[in-house]
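In numbering that gives the first Met the number 0, the protein residues as written are 0 to 493.
Virtual Cβ for every residue (Gly too), placed ideally from N, Cα, C.
Model, not experiment: these values are computed from the prediction.
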Amino acid sequence: MTAVLAPEVAVRRTPVARRTARQRSRSFAAAHGEALALLAVVWAAYVAVAAVIVFRYDAEPTDALSRLDDGAAVVFSASPHLAAVGFVWNPLPSLTEIPLLLLKGIWPALLARGFAAGIMSALFMALAVVGVRGILADRGAGRFGRLGLPLLFAGLPYVVLYGADGMSEAFFVCFLVWATRSLLRAVDRRRSGDLVSAGVYLALAYLCRYEAAAAAGGAALLLVGVALGNPRRASREARRRLPADLLLGIGPFAVTFVAWALAGAVVVHSPFPQLSSEYGNATQIGVSRASIRAATGQGSTRAVSYVGHQLFALLPLALLVVLAAVLVARTRRSARPLVPLALFGGVLVFEVVAFLTGETFGWLRFSIMVIPLTVCSLAVMVPVRPARTRGLVAALAVVAVVGSAGVTEWHVLGSSTLAREEYVDVHLPLHGDRALVAQADAEQQVADAIDALPTGRGTVLTEAADSVAVRTRTSRQDVYLDTTDPHFARDVAD
């Protein structure tokens, strides 16, 4: 379809045209006002939790500070450059935090206390909540349905924590929720624009976490299945359209994957530094393998039970919802219930296999996708505008599924066995752990001491990873020259 713009028709704005513009503005507010209000409320709630984590308990996770420091290095380091964002971890969370970091002169806590990370993770987790609402709105759900399930999702303890703690999980969940919505619309409406949107969201998810490759693989398998799954319905036209569908739906991800690998190869001489760098996952796993095995049973049958308990703790009824989605898809001969399973399930399968084969730490957050998988599956399957009795039963079932997760998640966050990372980052600071308080005080004292020295730009040499807490607390980032700087090796040799 082509659109022809005729300039001579719009030489001047008539009163009718002005009324039309006002009507469009009202229409936009009517169409998106509810979503914007939901976004504002949830974002504000998560930012409030982030403020408590940062200013009351000083419990911002090290990984969140590390990504914040990567963003700060781009604009405030001794040698500001885009490549300072690093190539071991995906860059998008760090890049989104830069606009807030530019305001650190007005509010130093944005960097010194890591609050900018919490603000941005809160925004993206709130956008994920709005994405769940969008799936229900696309199905024509009433206001109670459009808001009920998203608010239940937003209030889950684990979702609240990762919406407020500045980690990359919020970004990852957000883009996969929106990719799910776009792919659902593509399955329903067969519009190329929806496929492109799904591909763009998958590409953005990859710029947040490498596991997005598994979601892209799941999306590709789904598109193939939709076109060829039922021989009686798979027309020649569907087969002919399949390559174009894959190009539109997976192409943006593929381009992003290749571009990021090429950037790594050019700048740091490795297309996948996460695997080859001494700061990458493979090296960290190698150093910590003995402790991981002791804590999780990795490499033995106990590891299966360990990851199973983690999944159960985050959403105990997830398996029932997945089985229901498969049954509904088979009964209705529809691919819609399989879309969340393809994207989120692909990531979960990857995480479980990687843990069982000794390639990850087995952190609880690596299983977080079981939550949006279950919630989005419910959003696809629950009846919209049903009869009163049927609607009440459906509402009670949804509350039971999501509510049970709230109970188990709250419990598991206090477990030093299943939630090893969260226990250290949150549980110990909440209870005033003396060792952590002393470490934070020491880091601040080091930063203050270096600030007081008559140092110039790039005169303090430091290793990149282990000095993050010092560099974020300082008021003079430009005096530090770390291992990401192109002149670091030269200056060390001097």
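Counting the other Cβ atoms within 10 Å of the Cβ of residue 300 gives fewer than 16, which makes it exposed.
Under the DSSP assignment, residue 100 falls in the alpha helix (DSSP H) whose first and last residues are 91-100.
Counting every other CB atom within 10 Å of its CB across the protein chains shown gives residue 277 a total below 16, marking it as exposed. According to the DSSP secondary-structure assignment, residue 481 is paired through a beta bridge with 461. By the CB criterion at 8 Å, residue 358 and residue 284 fall inside the cutoff. When secondary structure is reduced to three states using DSSP, residue 302 falls in the helix class. When DSSP states are grouped into helix, strand and coil, residue 443 belongs to the helix group. In this model, residue 79 and residue 423 are separated by some 33 Å (Cα to Cα). Residue environment for residue 465: exposed (fewer than 16 other C-beta atoms within 10 angstroms of its C-beta). Following the DSSP letters along the chain, one finds residue 58 in no alpha helix (DSSP H), marked with neither H nor E. When secondary structure is reduced to three states using DSSP, residue 307 falls in the helix class. When rounded, the separation of the alpha-carbon atoms in residue 447 and residue 478 is 13 Å. Going by DSSP, residue 117 is part of the alpha helix (DSSP H) stretching over 114-137.
Distance from the CA of residue 256 to the CA of residue 350, rounded to the nearest whole angstrom, comes to 19 Å. Here the alpha carbon of residue 458 sits roughly 44 Å from the alpha carbon of residue 214.
Excluding five sequence positions before and after residue 327, the CB atoms of its chain that fall closer than 8 Å to its own CB belong to 333, 336, 380, given in chain order. For residue 278, there is no enclosing alpha helix (DSSP H), as DSSP marks it with neither H nor E. Between the alpha carbons of residue 194 and residue 252 lies a gap of roughly 12 Å. CA-CA distance, residue 438 to residue 471, rounds to 14 Å.
Just measuring C-alpha positions, the residue of 304, 165, 74, 199 sitting nearest residue 179 is 199. Note that the C-beta distance between residue 157 and residue 408 is below 8 Å. Contact between residue 42 and residue 125 is confirmed by a C-beta separation of about 4 Å, below the 8 Å threshold.
DSSP, reduced to helix, strand and coil, places residue 405 within a helical segment of the structure shown.
Taking C-beta atoms as the reference points, residue 59 and residue 116 count as a pair closer than 8 Å.
Straight through space, the alpha carbons of residue 433 and residue 480 are spaced by roughly 31 Å. Counting of Cβ neighbours within 10 angstroms places residue 421 among the buried residues, the total reaching 16 or more. Rounded to whole angstroms, the gap between the alpha carbons of residue 121 and residue 418 is 21 Å. Looking at the backbone, the Cα of residue 375 and that of residue 329 are separated by about 18 Å.
Linking residue 153 to residue 347 through their CA atoms gives a straight-line distance of about 20 Å.
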